[in-house]
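J.:
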Amino acid sequence: MWKKRLAIIGNGMGTCRLLDELTARGAHVLYEITVYGEEPGGAYNRIMLGRVLGGERPDEIVTKTPAWYDRHAIRLLARTRVTRLDTLRKTVHTEDGLERRYDLAVFATGSEPVVPPLDGLLDEGGALRRGAFVYRTVADCLRIRQHARPGDSAVVVGGGLLGLEAAKVLSDRGLHVTVVHLSPTLMDAQLDRIGGEMLGRQIARAGIFVRAGRTVESAYGADRVDGVVLNDGTRLPADLVVLACGVRPRVDVARASGLPVRRGIEVNDTLATLVPSVYAFGECAEHQGRTYGIVAPVWEQAAVLADVLSATQPQARYRGSKIYTRLKVAGVDVASMGSLEPELESDHVVQIIEERRHAYRKVIVRDGRLLGAMLVGNTAAAAGLVQLYDRDDPVPADPLELLCQSTACAATPGDRVICNCHKVTEQTLRQAIAEGADSVQALGAATRAGTGCGSCRTELGQLLATARKTVVRLEAVS
Amino acid sequence: MASRPGGQAQRSRESTPHLHLVGAKATHTHCPYCAFQCGMTVSIADAAPHDLAIHADPDFPVNRGQMCIKGFTSAALVTHPARLTSPLMRAAHGALVPVSWDAALDFIAETLVALRDRHGAESLAAFGSGALTNEKAYLLGKLARVALRTPHIDYNGRYCMASAAAGQTRAFGVDRGLPFPVADIADAQVLMLWGSNCADTMPPIAQWLADQRAHGGSLIVVDPRRTATARDATLHLQITPGTDLALANGLLHLAIAEQLIDRAYIDRRTEGFEEVRRSVLTSDPAHVERVTGVPVEQQRRAVRLLAAADRSMTLTGRGAEQQSKGTDTVLALINLMLALGKVGKPASGYGCLTGQGNGQGGREHGQKADQLPGYRSIADPAHRETVARHWGVDPASLPGKGKSAYELLDALGPDGGIRALLVFGSNVAVASPNVSNIVRKLRQLDLLVVCDAFENETSADAHVILPTAQWAEEEGTTTNLEGRVILRQRVQPPPEGVRTDVEVIAALAARLGCAQQFAFDSPRAVFDELRRVTAGATADYSGMTYERLRSERGVFWPCPSIDHPGTPRLFADRFAHPSGRARFHVVPYRAAAEAPDAAYPLYFTTGRYREHYNSGAQTRRVKTLIEAKPEPRVEIHPRLAARLGVADDGVLLVESRRGRVRFRTHVSADIRPDTLFAPFHWGGRQAANLLTIPALDPISRMPEFKVCAVRASAASSAESER
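First to last, the sequence lines map onto chains W and F. The numbering of the first sequence is the working numbering, which starts it at 419 and goes up by one. The numbering of the second sequence is the working numbering, which starts it at 14 and goes up by one.
1. Looking at the secondary structure, which residues open and close the beta strand (DSSP E) in which SER571/W lies?
2. Which runs of the beta strand (DSSP E) at least 3 residues long sit entirely within the segment 464–529 of chain F? Give them in chain order.
3. Would you identify the three-state DSSP class for ILE121/F, choosing helix, strand or coil?
4. Quick check: is the beta carbon of SER873/W nearer than 8 Å to any beta carbon in chain F?
5. Mind listing, in chain order, the continuous alpha helix (DSSP H) runs of no fewer than 4 residues lying wholly within the segment 628–711 of chain W?
6. Under 8 Å, do VAL660/W and ALA572/W count as touching if we go by C-beta distance?
7. Terminal residues of the continuous alpha helix (DSSP H) containing TYR419/F?
8. List, in order along the chain, the chain W residues whose C-beta lies closer than 7 Å to that of GLN220/F?
9. Going by DSSP, what residues sit across from LEU65/F in a beta bridge?
10. Tell me, please, whether the CB atom of LEU421/F is closer than 8 Å to any CB atom in chain W?
11. So, for SER733/F: in the same chain, excluding its five sequence neighbours on each side, which residues have a beta-carbon less than 8 Å away from its beta-carbon?
12. Starting from the beta carbon of ILE82/F, find every residue of chain W whose beta carbon is closer than 8 Å, and list them in chain order.
13. To which residues does DSSP link LYS780/W through a beta bridge?
14. For the segment 382–440 of chain F, list the alpha helix (DSSP H) runs that are entirely contained and at least 4 residues long, ordered along the chain.
15. Cβ of GLY625/W within 8 Å of Cβ of HIS599/W?
16. Have a look at PRO686/F and PHE699/W and give me their C-alpha separation to the nearest angstrom.
17. With 16 as the cutoff for other CB atoms within 10 Å, does CYS827/W come out buried or exposed?
18. Going by beta carbon distance, what residues of the same chain come within less than 7 Å of ASP438/W, once the five residues before and after it are set aside?
19. Assess contact between the segment 310–324 of chain F and the segment 283–292 of chain F, defined as three or more Cβ pairs (one per stretch) separated by less than 8 Å. Is contact present?
20. Within 10 Å of its beta-carbon, does GLN251/F have 16 or more other beta-carbons around it, so buried, or fewer, so exposed?
21. By how many angstroms is the C-alpha of ARG239/F removed from the C-alpha of TYR778/W?
22. I think GLY426/F touches LYS454/F, with their Cβ atoms under 8 Å apart; what is that distance to the nearest whole Å?
23. Would you decide whether ILE771/W is buried or exposed? Buried here means 16 or more other CB atoms lie within 10 Å of its CB.
24. Would you give the residue range spanned by the beta strand (DSSP E) that GLU450/W belongs to?
25. Rounded to the nearest angstrom, how far is the Cβ of LEU156/F from that of ALA139/F, given a contact under 8 Å?
26. Counting only runs that start and end within the segment 816–890 of chain W, where is the alpha helix (DSSP H) found for 4 or more residues in a row?
27. By DSSP's criteria, ASP751/W is part of a beta bridge. Which residues make up the other side?
28. Can you list the residues of chain F that TYR487/W reaches, using a CB-CB cut of under 7 Å?
29. Is the number of C-beta pairs between the segment 209–223 of chain F and the segment 330–348 of chain F that are closer than 8 Å three or more?
30. Could you give the first and the last residue of the continuous beta strand (DSSP E) run that contains MET102/F?
31. Closest to CYS871/W by CA distance: which of ALA160/F, GLU717/F and ILE82/F is it?
32. Nearest to ASP188/F by alpha carbon, out of GLU377/F, PRO645/F and SER296/F?
33. Tell me whether the segment 424–439 of chain W and the segment 453–460 of chain W touch, counting them as touching only if at least three CB pairs, one residue from each stretch, are closer than 8 Å.
34. For the segment 797–818 of chain W, enumerate the residues whose C-beta is nearer than 9 Å to any C-beta of chain F, in chain order.
35. How about LEU434/F and ASN463/W: are their beta carbons less than 8 Å apart?
36. Reducing DSSP to helix, strand and coil, say where ALA321/F ends up.
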């Protein structure tokens, strides 16, 4: 059968997932796929960049090697920068001056780090000066690794997810690390003030300095960046400055191709752009006014797009994603979902603050449903909460139940039948034990339990054992 | 306690006070129910020849003198007043009336031939069972291929073992439920039971778990319910139904991330690891927690326990396997155990706890749509050639691969094209998913023949019911969950008017013009042919004789010659693929066929009671058992029950997109608050399978019994009146 040419612009985590989803749906029968990637090699798991920064080989986080693309008859054009699409002639134009035809195109150009317009940060060509880095790609990690040496001092600009991760890794490599963060508390996109403060204290305990509520005004240094100046006038010398000030959708190619772009490339519920035959998904796409900077929504979009493109489920629609963050930052477990603060008078809030255990738990309930929740330091309840949040399931009358444990607070009723043959219940057996039955035989004599098929004798033994333990404990107490 | 007859020394077993005198007529045999195949002695009291006294056999090395209440009460079936003792045929007025064997068999054969002439051989089908002995399974396969000449034969093991079988075959090149004896469990330092509530479904195995614990071992249980098995676990991962594959991949991710894998083993004994390693890079614990509901810390603990122990094993049950991705889930767990370097080491590795009595042998000898005896493939020309030569037929005359169980049943009637169905030892009208569809299809058949000892839900629509002998009334072999082939001995002859399946199949074949190929006068004669046919095959039985099976208390396959000791442990040196290596498989997570949504917001999962067995066709006949568990009750978390306004012992209406059932409730904090559970042992309006979804695993064709979406509401007890 004649195959349509599917061009995918970008080779990040979104494309990696889209290729899996397409392959799983047998779409290779329909499409001849070409992937355009700027970075060398195959796709990798960006979430694990911290490990590369920490010293692991980049290959450890590669999810698809070039051989994978070959095996699946997918053409990978790595180190290839796309400049624009001609959406009328349906051609992809690359930096090397070539153009290639497509029938369908998918933008998966992801996002790029925000570089704040600071004096002294960029050279004349607009590139970062020596000593200043962004933290987004494997190449960035390798550059930082090469530059950073034990005993160096580092300033990380931005106390969000990425900034704190970079700070921790650098601290672990023996650097003196200061995090400068605009808001009064860390991770303010995921945590409220109490949570952010608690996290900040833990970060400090981990040996990282935090300067919150400050901004960097400028960088200084002659041939390279030697430090930064904060808005309170403080000068912080730094052998390296890592910029982790957030990301924004990468839309340059889309703009050059004449696609409607606001913050991201505008798409509808099928991930289609306004221009026929051109789709976009992932961090570069804007859906219902929202863009996403975490991976789960990107995967959800990839699944819908694959459903649509493979026609396995052409009526599939993307309706937006629920935002959930769950990670360990600098040794502190954090989970966060939905709203950070109550919004209506009727919103119900439960907070548990354990200052000395460095733990904080909070849920916000609206109309019997979870509006938001956050956990710092004790995330045992995360699994149960996020599932409730994802499904919009009803919250129990007392929301504390949700925080006490991961799932059910299991309790076994004492009236269950242990010996089926003679219908002897656990209660009866406990009674017999209390009255002196101290062996399986004695229990059998007293209650007939275990004298039929015998399959419950193991359980009888255990009942006796636990009863003994209780007695010993009581004796120890008295 | 009295000593046993025959000069055997009585082993002192203080822990078995229930053992009584084994009478002079005691026969060693095995339980008719599950794959544990407890050794038992059955004696006929001189005073009351109709009473069979059943005792657990203290010397059989699998159950060691223990038994469960089902086996203990199984004599009730043999002497049951409701059992059939004459063939029944549907008369013109619709009722079933007794007829002679000749009349019944003639009618069946004539109808089969007429349908075949008119609609082709593919209009005929046979449906077997994991309850059939090896001899019957073998003979039924031969009947379909040689006498009926149809590709359409499958069996209820497709509802049971197919995913584990497909997974093991792909990974190891061979499928034997446990590649080691059950006794090895006691030596495992860490045991992970995944989707198995064996403390209830296979109670005598609990002694091995207790031994394991007594040796200081840890137990990890993965189950949406805090079951009797999970209650004793060191670590219980209370997983969201249908997400087992995500968790299995996540554990491998953690094992790699924490550098717990055994590189030397992977290099030496396996192939395909690199790609699997890359494929689980995105199965990070936080994501897995969100999907599965299993907290990150528990994931970590589980994988650390498994990795730190020298001897650790993972055993799966139907929970992991009865999903539309059951095969992949099994493969993911094998990936994990291979990466940890455990498979093939003592008391370590992966195994599956087979369900039905002869679930193992039943999948080896040709009653499966794609299989020929000895675990040979019906698609392999060399295998076809070998089997055809033994059967004295042209290899080209052997049909190809037929439809799998649910697909076969779904094709019954004029639309699907299958017009006649012979059912042996299976109650498909209870055991199938989306069962109302199957019942409707059964009613469209031109000919439905049911061979069973009792009437059941399936025979309700039969044109002919043939009364067959029970476990204590005929000889035959089964292959237990360990791959140990054992001999069931006859205790007494069947009652007047009842025939054995072997006799029925032979008589039918003769009427279909194949007397020569079915000239068997005994199960032993069938077994001897089975031995010859399986010689050189994967499941090689050729070195086994009834005498050996009796004196050695079973022999493990493969056993290629009379002087071969059998093979209790596989994989110590090599795997069964030509390279000798085990294969890793990339198995990305995918969601269940049906996820809860606004309209059907709850998970529904099915399982078993300790007191009942599969479709309940036997156990619902036993007074002790039906008194203990008279009806199915839906298990519901107190929080959900409160929300729905239903109390314990109340009535809950449970509805899926396929059906609705009113269940009495069992309110228990042992189940996840988002999940309902019900046992599937009942038929009719109490059938849990009215709700289940017939989504099939693309490889094993296993239906997704373990997860579908339902809604629930409190029902008044008046409504529950039936």
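For glycine and all other residues, C-beta sits at the position ideal for the given N, C-alpha and C.
T.: To lay it out plainly:
1. Start and end: 571–575.
2. Counting whole runs of 3 or more residues, the segment 464–529 of chain F contains the beta strand (DSSP E) stretches 477–480, 489–492 and 497–501.
3. Of the three classes helix, strand and coil, the one that applies to ILE121/F here is helix, per DSSP.
4. So yes, SER873/W belongs to the interface.
5. Listed in chain order, they are 670–674.
6. Yes. Within cutoff.
7. From DSSP, the alpha helix (DSSP H) with TYR419/F extends over 418–423.
8. Correct list: THR876.
9. In DSSP, LEU65/F forms a bridge with ILE57/F.
10. So no, LEU421/F is outside the interface.
11. Confidence at SER733/F is low in this model, with a pLDDT of 46, below 50, so its placement is unreliable and the value that follows should be read with caution. The answer, listed in chain order, is VAL664, ARG675 and ARG677.
12. Under the 8 Å cutoff, chain W gives ASN838, CYS839, GLY870, CYS871 and SER873.
13. Paired residue(s): GLN769/W and MET792/W.
14. Those alpha helix (DSSP H) runs which fall completely within the segment 382–440 of chain F and span 4+ residues are 394–404 and 418–423.
15. Not closer than 8 Å, so no.
16. Rounded to the nearest whole angstrom, the C-alpha separation of PRO686/F and PHE699/W is 35 Å.
17. Note that CYS827/W scores 40 on pLDDT, short of 50, meaning its location in the model is unreliable and no value can be drawn from it.
18. Closer than 7 Å at Cβ, skipping near neighbours: no residue.
19. No, the segment 310–324 of chain F does not touch the segment 283–292 of chain F.
20. Buried, by the Cβ-count rule.
21. C-alpha separation (whole angstroms): 29 Å.
22. Between the beta-carbon of GLY426/F and that of LYS454/F there is about 5 Å, and that keeps the pair under the 8 Å contact cut.
23. By the 10 Å Cβ count, ILE771/W comes out exposed.
24. Counting along the chain, the beta strand (DSSP E) containing GLU450/W begins and ends at 449–454.
25. With 8 Å as the limit, LEU156/F and ALA139/F qualify as a contact, their Cβ atoms being about 7 Å apart.
26. Counting only runs that start and end inside the segment 816–890 of chain W, the alpha helix (DSSP H) elements of at least 4 residues fall at 818–822, 844–852 and 858–865.
27. ASP751/W is bridged to LYS746/W.
28. Correct list: empty, because the minimum Cβ distance to chain F is about 13 Å.
29. With three or more CB-CB distances shorter than 8 Å, the segment 209–223 of chain F counts as touching the segment 330–348 of chain F.
30. 101–103 is the span of the beta strand (DSSP E), which, as asked, contains MET102/F.
31. Minimum Cα distance to CYS871/W is reached at ILE82/F.
32. Per the Cα distances, GLU377/F.
33. Counting C-beta pairs closer than 8 Å gives three or more between the segment 424–439 of chain W and the segment 453–460 of chain W, which meets the contact rule.
34. Of all residues in the segment 797–818 of chain W, THR797, ALA798, ALA799, ALA800, ALA801, GLY802, VAL804, GLN805, LEU806, ASP808, ARG809, ASP810, ASP811, PRO812, PRO814 and ALA815 have a Cβ within less than 9 Å of some Cβ in chain F.
35. The Cβ atoms of LEU434/F and ASN463/W lie no closer than 8 Å to each other.
36. Residue state for ALA321/F is assigned as helix, using DSSP reduced to three classes.
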